[in-house]
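Colleague: So that we are looking at the same thing, I have put the structure below in structure tokens.
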Amino acid sequence: MRLLAFGKLSHLNVDDLAVPPTVTDTDALRRFLGQRWPQIAAPEIRIAVNQTLVQGVVPLSPDDEIAFLPPMSGG
Amino acid sequence: MIRVQRQPFDAAEELRAFMARAGEGAVATFIGTVRAEDGVEALTLDHYPGFTEKQITALVSAMIDQHRLAAAAVVHRFGRMQPGDPILFAATAAPHRRAALDALAELVERLKTEAPFWKKEQRGGIEHWLDVPRASDEASPERTLP
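Sequence lines, in order, name chains A and B.
Note that the numbering used here has the first sequence beginning at 13, numbered continuously upward.
Note that the numbering used here has the second sequence beginning at -18, numbered continuously upward.
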């Protein structure tokens, strides 16, 4: 799994974290990362899976790219 | 045509390239620069490579369809910029001026509020992230991505 974080989350080293195999959906991933960085589990943080915004709980595969997106501030 | 890039752009060169494929009628352009309001010393834009381009491409395609444009272009910078630096080049082309001007106004407005960028301002040597589109840009309604 490739993890990315942007904006005010960009300083978190999410890509260094080994995600356990028990994490198989976005909800579990949020909870797993939230143990270390509570701010990533905040409801305002949206998730994109393979560059597509998702809502609700979405299953994840080991080769997915998951991005955590704080509210966007526009161009 | 859209590009998201770190390096400065040459607005005259962008316009020349756009004119070459704009067709006859009207071409409208907008160049945005970083403002120094309220003591902003620097502005840094973070973006999600690939995703940001995809969202802007979708917006440009929607403007082309909605306003029946002959062409549209966006060049948007990311990275650290100083007040006065060019940050956005946008252009629209249509057979008639009204469509080109209306489309350009809507395109720029929606880029300001919907484009997937995260902004960090530096004031007094201290940087802080902005969570929402800046309210100082007229009375534009805040929009969010679907």
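Ideal Cβ placement from N, Cα and C applies to all residues, glycine included.
Could you name the residues of chain B that Pro82/A contacts, counting a contact when the two beta carbons are closer than 8 Å?
Modeller: Near Pro82/A (Cβ distances below 8 Å), the residues of chain B are Trp99, Trp110, Asp112.
Colleague: When the distance is taken between beta carbons, is Ala74/B closer than 8 Å to Met(-18)/B?
Modeller: Taking 8 Å as the Cβ cut-off, Met(-18)/B and Ala74/B do not qualify as a contacting pair.
Colleague: Mind checking if Gln63/A is an interface residue toward chain B, Cβ cutoff 8 Å exclusive?
Modeller: At least one chain B Cβ lies under 8 Å of Gln63/A.
Colleague: Does DSSP classify Met13/A as helix, strand or coil?
Modeller: It is coil, neither helix nor strand.
Colleague: When the Cα of Ile78/A is compared with those of Asp37/A, Pro33/A, His23/A, which residue comes out closest?
Modeller: Minimum Cα distance to Ile78/A is reached at Asp37/A.
Colleague: Looking at the C-beta of Leu88/B, does it have a partner C-beta in chain A at a distance below 8 Å?
Modeller: No - not a single Cβ of chain A is within 8 Å of the one on Leu88/B.
Colleague: Express the C-alpha separation of Ala23/B and Lys20/A in angstroms, rounding to a whole number.
Modeller: Lys20/A and Ala23/B: Cα-Cα distance of roughly 16 Å.
Colleague: Relative to the alpha-carbon of Arg14/A, which residue among Ser73/A, Gly86/A, Met84/A has its alpha-carbon at the smallest distance?
Modeller: Comparing Cα positions, the closest option is Ser73/A.
Colleague: Residues bridged to Asp37/A by DSSP?
Modeller: Answer is Pro71/A, bridged to Asp37/A.
Colleague: What is the DSSP secondary structure of Gly19/A, counted as helix, strand or coil?
Modeller: Gly19/A: helix per DSSP, three-state reduction.
Colleague: Which chain A residues sit within Cβ distance under 9 Å of Glu5/B?
Modeller: The premise fails here: Glu5/B is roughly 30 Å from chain A at the closest Cβ pair, so nothing lies under 9 Å.
Colleague: Give me, in chain order, the residues of the same chain whose beta-carbon lies closer than 6 Å to that of Ala17/B; leave out the 5 immediate sequence neighbours on both sides.
Modeller: Pro64, listed in sequence order.
Colleague: Once DSSP output is grouped into helix, strand and coil, what is the label at Arg124/B?
Modeller: Low per-residue confidence applies at Arg124/B: pLDDT is 42, beneath 50, and the placement is therefore not dependable enough to give any value.
Colleague: Where does Gly4/B sit, in a helix, a strand or coil, going by DSSP?
Modeller: DSSP places Gly4/B in coil when its eight states are reduced to three.
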